[in-house]
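See structure below.
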Amino acid sequence: MRKREKRTASQRAGGGGGGGETQSSSQAAAAAAVEQEQQQSTKTTTARANKRVKAAKPEGDPEYFEDKRNLEDLWKAAFPVGTEWDQLDTVYQISWDFSNLENAFEEGGKLYGKKVYLFGCTEPQLVFYKGQSKIMYIPAIVAVVSPFPPSDKIGIKSVQREVEEIIPMKQMKMDWVPYIPLENRASRVDRLKSQIFILSCTQRRAALKHLKIDRVKQYEYCLPYFYQPFKEDEFEQSTEVTVMYPVEPPVVCEFDWELDELEEFTDNLIKEEILSKDKKDDFKV
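For the sequence shown, the positions run 1 to 285 when UniProt numbering is used.
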């Protein structure tokens, strides 16, 4: 009886010893699996880091920026007198080519070394663009060669005004100011001997809403006034003007400010269905 108990105990001891070896082998296998997983994770992280480093340094063609020309913004600096305020942005939206003006100030050009006064203006033209008729304001620059300012007056004239009004430029917040070329803008202005002067206007567009309508309209009808008492007009001035009214479709007509009466002229346009009746007052302005 005791021998059986010993055998049973021995068997139990033997069985317990086998379980310990199995448990030890399982732990070793688990540790090896964890280590392998960590190594694999490290490799993956390293590979991702390498990819990020490569992505952070893309190889591409170098960018080149064209150098600005010395007089590139000269045409923009000259105030376009007589242009409607709400049309100024449309004028500057297009990069107009005034290289002929810039070249005139270069050595060998017509304006090289001369004192020149510049002012801008715009000419509305009816053009066909992208399948529809559209009025575009095309800028022009007038250059006056003179040893002194050609005028300190502004003339205000329109179809509705029978008499031209002559007022000082300063009353319209306009004046001749020196234009500083790009290469000289780092220098002190008082040390420069400028040969180019532009017509400048300091009227703020944001303040227009506080002005009376008649005052705002003065800016649309004004041009520098040049008085030459010793020179008679070589040609008789025409009293006929072209009127372009910006609606859809645009109204384009000829008006003789000596022969045509504005009220009757406008009524005829309405009868001919060229102008809508609700636009009559605005057209007359």
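Ideal Cβ positions, reconstructed from N, Cα and C, are used throughout, including at glycine.
For this session: Report the rounded CA-to-CA distance for Leu275 versus Val251, giving the unit in angstroms.
Result: Here the question's residue 275 lines up with position 275 in the sequence shown. Here the question's residue 251 lines up with position 251 in the sequence shown. Spanning the two alpha carbons is a distance of roughly 7 Å.
Exercise. Where do the ends of the beta strand (DSSP E) carrying Trp176 lie?
Worked result: Sequence index remark: in the sequence shown, residue 176 carries index 176 (1-based). Met174 to Pro178 is the extent of the beta strand (DSSP E) around Trp176.
For this session: Apply the 10 Å Cβ neighbour rule to Leu74 and answer buried if 16 or more other Cβ atoms are within range, or exposed otherwise.
Result: Here residue 74 refers to the residue found at position 74 of the sequence shown. Buried, since its Cβ has 16 or more Cβ neighbours within 10 Å.
Exercise. What are the residues that DSSP puts in a beta bridge with Met136?
Worked result: Looking up residue 136 in the sequence shown gives position 136. Residue pairing for Met136: DSSP places it in a beta bridge opposite Gln125.
Exercise. Roughly how many whole angstroms lie between the Cα atoms of Phe105 and Gly113?
Worked result: Within the sequence shown, numbered from 1, the residue matching residue 105 stands at position 105. Within the sequence shown, numbered from 1, the residue matching residue 113 stands at position 113. So the two alpha carbons sit approximately 7 Å from each other.
Problem set entry | 6 Å CB neighbourhood of Ala49 in its chain, flanking five on each side removed | Start at 1 with the first residue of the sequence shown, and residue 49 comes out as number 49. Because the pLDDT at Ala49 is just 49, under 50, the model does not fix this residue reliably, and the point stays unresolved.
Problem set entry | C-beta contact flag for Met174 and Phe79 at 8 Å | As a working mapping, residue 174 is identified with position 174 in the sequence shown. As a working mapping, residue 79 is identified with position 79 in the sequence shown. Result yes, Cβ atoms of Met174 and Phe79 sit closer than 8 Å.
Problem set entry | C-alpha gap between Glu220 and Leu88, whole angstroms | Numbered from its first residue, the sequence shown carries residue 220 at position 220. Numbered from its first residue, the sequence shown carries residue 88 at position 88. Looking at the two C-alpha atoms, the distance is approximately 11 Å.
Exercise. At what residues does the alpha helix (DSSP H) containing Lys280 begin and finish?
Worked result: Walking along the sequence shown from the start, residue 280 turns up at place 280. Lys280 to Lys284 is the extent of the alpha helix (DSSP H) around Lys280.
Exercise. Secondary structure at Val91, three-state DSSP: helix, strand or coil?
Worked result: As a first step, residue 91 must be located in the sequence shown, where it is residue number 91. Reduced to three states, the DSSP call for Val91 is helix.
Exercise. Can you give the beta carbon distance from residue 314 to Leu223, rounded, assuming they're within the 8 Å contact cut?
Worked result: The question about residue 314 has no answer, for the chain in this structure spans 1 to 285.
Problem set entry | The alpha helix (DSSP H) enclosing Val216, as first and last residue numbers | Stepping through the sequence shown from its first residue, residue 216 is reached at position 216. Per DSSP, Val216 belongs to the alpha helix (DSSP H) from Ile213 to Glu220.
For this session: Enumerate in chain order the residues of its own chain whose CB-to-CB distance from Asp256 is below 7 Å, with the five nearest sequence positions on each side excluded.
Result: Within the sequence shown, numbered from 1, the residue matching residue 256 stands at position 256. Within the same chain, Asp256 has close Cβ partners Thr239 and Glu240.
For this session: Quick one: measure Cβ to Cβ for Ile141 and Pro124, integer angstroms, because I've assumed they're closer than 8 Å.
Result: Your numbering for residue 141 matches position 141 in the sequence shown. Your numbering for residue 124 matches position 124 in the sequence shown. Not a contact, Cβ separation roughly 17 Å.
For this session: Quickly, what does DSSP pair Asp120 with across the bridge? List them, please.
Result: Counting from one through the sequence shown, the residue named residue 120 turns up at place 120. Residue identity differs from the one stated: residue 120 is Gly in this sequence, not Asp. Partner(s): Pro80 and Ile141.
For this session: Going by CA-CA distance only, name the one from Glu272, Glu273, Pro168 and Glu261 that's closest to Lys284.
Result: For the purposes of this step, residue 284 is identified with residue 284 of the sequence shown, where counting begins at 1. It is Glu261 whose Cα lies nearest to the Cα of Lys284.
For this session: May I have the straight-line CA-CA distance separating Lys170 from Ser99, to the nearest angstrom?
Result: As a position in the sequence shown, residue 170 is number 170, starting the count at 1. As a position in the sequence shown, residue 99 is number 99, starting the count at 1. In a straight line, the C-alpha of Lys170 is about 31 Å away from that of Ser99.
Problem set entry | Start-to-end residues for the beta strand (DSSP E) that takes in Thr239 | In the sequence shown, the residue the question calls residue 239 occupies position 239. Counting along the chain, Thr239 sits inside no beta strand (DSSP E), nor does DSSP assign it H or E at all.
For this session: Check Ala13 in the structure and name its three-state DSSP category.
Result: Residue 13 sits at position 13 when you count from the first residue of the sequence shown. In this prediction, Ala13 scores a pLDDT of 43, lower than 50, which makes its location untrustworthy; no coordinate-derived value is stated.
Exercise. What does a CB cutoff of less than 7 Å around Pro246 pick up in its chain, not counting 5 residues either side in sequence?
Worked result: Here residue 246 is taken as the residue at index 246 of the sequence shown, counted from 1. Cβ neighbours of Pro246 within its own chain (closer than 7 Å, five residues either side excluded): Ile135.
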